[in-house]
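In my numbering, the protein residues as written are 23 to 362. For each residue, glycine too, the CB sits at the ideal point set by N, CA and C. Please read all numbers here as calculations on a predicted model, not as lab measurements. Heads up: the structure comes next, in structure tokens.
If you want it as structure tokens, here you go:
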């Protein structure tokens, strides 16, 4: 009999969040305000808060804090800042890197799913501002495409979202032709599953069956590459290329959550059992079905541990890792509910 999927626990995330945003780092379970905040995390906060189907006052507060943070992060012409210190001062300049892409991902998700009408309206306004520019970086554009696809799911006529997806599709590199290493990069690096996820989302939104199919094939290859002995064995922080020894460490929760994101999307457009099975494997990874056999979160608080080593766990509970747990359990919970 399959064990029930744990319920997402927002306690630690709420403790990490003040009126400005969510602190990026923690020492064990204690927030570290001295390291400040980042747009990357606040976009993820907006995603998980908007997705939470049983949202309540506290979860909605997270969405409001996140939407305000992302608004402040944006430059009027579209680029986005990423780093804010503990006193609310930005320490970098606007750019069109990953933070910009994740900002669009969060905004599109909120526009499509948030229970808070004000958040939905502000998300569309901010999305249109950020979508005025494009990034040369593949992952930044992939995250942006995910947000555009979410917005199109509730507003198929939204021109800025459709234009962004059209541009993204035009920039996706063609198949490598290498059957042993079909990945579009010489090495796997970070948040790898976002690349096929964006291909699937864009292909579905634009009615491009070829692009959607390529995304599904690439995702299936990634799952096979990152599975060992019946559990997920994700790409380590230093990346992985053809012939590298496996498993590799340290492993980051973001690799698991992006894989769960992509497989949850794939399960909505393809009937293959590989997609829901991998979502379940992603949730199981946090429960200890991993290369070290160690639990990667604290169920009592919802805090996610920052890294998996060969024989130990980095027990610092930063925002990125905590958000990875929450996101993965959300997908696993929806899958379980759909099967009941």
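Whole alpha helix (DSSP H) elements within the segment 145-185, 4-residue minimum: 160-176
Three or more C-beta pairs below 8 angstroms linking the segment 328-337 and the segment 24-36: no
Contacting residues, own chain, Cβ-Cβ under 7 angstroms from residue 65 (five flanking each side not counted): The residue labelled residue 65 in the question sits at position 43 within the chain shown. Cβ within range, chain order: 92, 124, 125, 127, 128.
When 297, 282, 343 are compared against residue 289, the one with the closest alpha-carbon: Your numbering for residue 289 matches position 267 in the chain shown. Looking at the Cα atoms, 297 is the closest of the given residues.
Span separating the alpha-carbon of residue 219 from that of residue 283: Working through the chain shown from its first residue, we reach residue 219 at position 197. Working through the chain shown from its first residue, we reach residue 283 at position 261. Cα to Cα, the separation comes out at about 7 angstroms.
Option nearest residue 243 by Cα separation, candidates 200, 307, 171: Numbered from its first residue, the chain shown carries residue 243 at position 221. Selected option, being the one with the closest Cα: 200.
Residue range of the unbroken alpha helix (DSSP H) whose run includes residue 364: Outside the displayed span of the chain (23 to 362) sits residue 364, for which this structure offers no information.
Strand pairing of residue 53, partner residues [DSSP]: The sequence position of residue 53 within the chain shown is 31, counting from 1. DSSP, once it has assigned bridges, lists 48 as partnering residue 53.
Residue from 88, 277, 153 with nearest C-alpha to residue 210: Numbered from its first residue, the chain shown carries residue 210 at position 188. The residue with the shortest Cα to Cα distance from residue 210 is 277.
Cβ neighbours of residue 163 in the same chain (closer than 6 angstroms, five flanking residues each side left out): Here residue 163 corresponds to residue number 141 of the chain shown, with the count starting at 1. Cβ within range, chain order: 157, 190.
DSSP-derived helix/strand/coil call for residue 203: Here the question's residue 203 lines up with position 181 in the chain shown. The answer is coil: DSSP assigns residue 203 none of H, G, I, E or B.
Proximity winner among 340, 205, 285, 294, relative to residue 350 (alpha-carbon distances): Taking the first residue of the chain shown as 1, we reach residue 350 at position 328. Among 340, 205, 285, 294, the Cα nearest to that of residue 350 is on 285.
Span separating the alpha-carbon of residue 204 from that of residue 215: Your numbering for residue 204 matches position 182 in the chain shown. Your numbering for residue 215 matches position 193 in the chain shown. Using only the alpha carbons, I get a separation of about 14 angstroms.
Pick from 303, 252, 347, 311 that is closest to residue 319, judged by C-alpha positions: Taking the first residue of the chain shown as 1, we reach residue 319 at position 297. Of 303, 252, 347, 311, the residue nearest in Cα terms is 347.
Pair within 7 angstroms by beta-carbon distance, residue 58 and residue 94: In the chain shown, the residue the question calls residue 58 occupies position 36. In the chain shown, the residue the question calls residue 94 occupies position 72. Contact: no.
Nearest-angstrom Cβ-Cβ length linking residue 341 and residue 131, presumed shorter than 8 angstroms: Within the chain shown, residue 341 is the residue found at index 319, counting from 1. Within the chain shown, residue 131 is the residue found at index 109, counting from 1. Not quite, the Cβ-Cβ distance comes to about 17 angstroms (not below 8 angstroms), so this is no contact.
Bridge partners - residue 250, DSSP secondary structure assignment: One-based indexing of the chain shown puts residue 250 at position 228. 253, per the DSSP bridge assignment.
Beta-carbon gap between residue 223 and residue 135 smaller than 7 angstroms: Counting from one through the chain shown, the residue named residue 223 turns up at place 201. Counting from one through the chain shown, the residue named residue 135 turns up at place 113. Cβ distance not < 7 angstroms, so residue 223 and residue 135 don't count as in contact.
Within the segment 255-324, ranges of the alpha helix (DSSP H) (whole runs, at least 4 residues): 275-289, 296-309
Residue burial classification, residue 247 (beta-carbon count within 10 angstroms, cutoff 16): As a position in the chain shown, residue 247 is number 225, starting the count at 1. Residue 247 should be labelled buried.
Identity of the residues DSSP links to residue 39 by a beta bridge: Here residue 39 corresponds to residue number 17 of the chain shown, with the count starting at 1. 44.
Residue 85 vs residue 141 beta-carbon contact at 7 angstroms: For the purposes of this step, residue 85 is taken as residue 63 along the chain shown, with counting starting at 1. For the purposes of this step, residue 141 is taken as residue 119 along the chain shown, with counting starting at 1. Yes, they are a contact pair.
Exposed unless 16 or more other CB atoms sit within 10 angstroms - verdict on residue 232: In the chain shown, counting from the first residue as 1, residue 232 sits at position 210. Classification for residue 232: exposed.
Which residues DSSP lists as bridging residue 59, in chain order: Within the chain shown, the letter at position 37 stands for residue 59. Residue 59 is bridged to 45, 106.
Rounded C-alpha distance that separates residue 217 from residue 295: Along the chain shown, one-based indexing puts residue 217 at 195. Along the chain shown, one-based indexing puts residue 295 at 273. Using only the alpha carbons, I get a separation of about 21 angstroms.
Residue 327: first and last residue of the uninterrupted alpha helix (DSSP H) it sits in: Within the chain shown, the letter at position 305 stands for residue 327. Premise fails: residue 327 is in no alpha helix (DSSP H) and is neither H nor E.
DSSP three-state assignment for residue 339, whether helix, strand or coil: Against the chain shown, residue 339 aligns to sequence position 317. Residue state, collapsed to three classes: coil.
Start-to-end residues for the alpha helix (DSSP H) that takes in residue 122: Within the chain shown, residue 122 is the residue found at index 100, counting from 1. Per DSSP, residue 122 belongs to the alpha helix (DSSP H) from 120-135.
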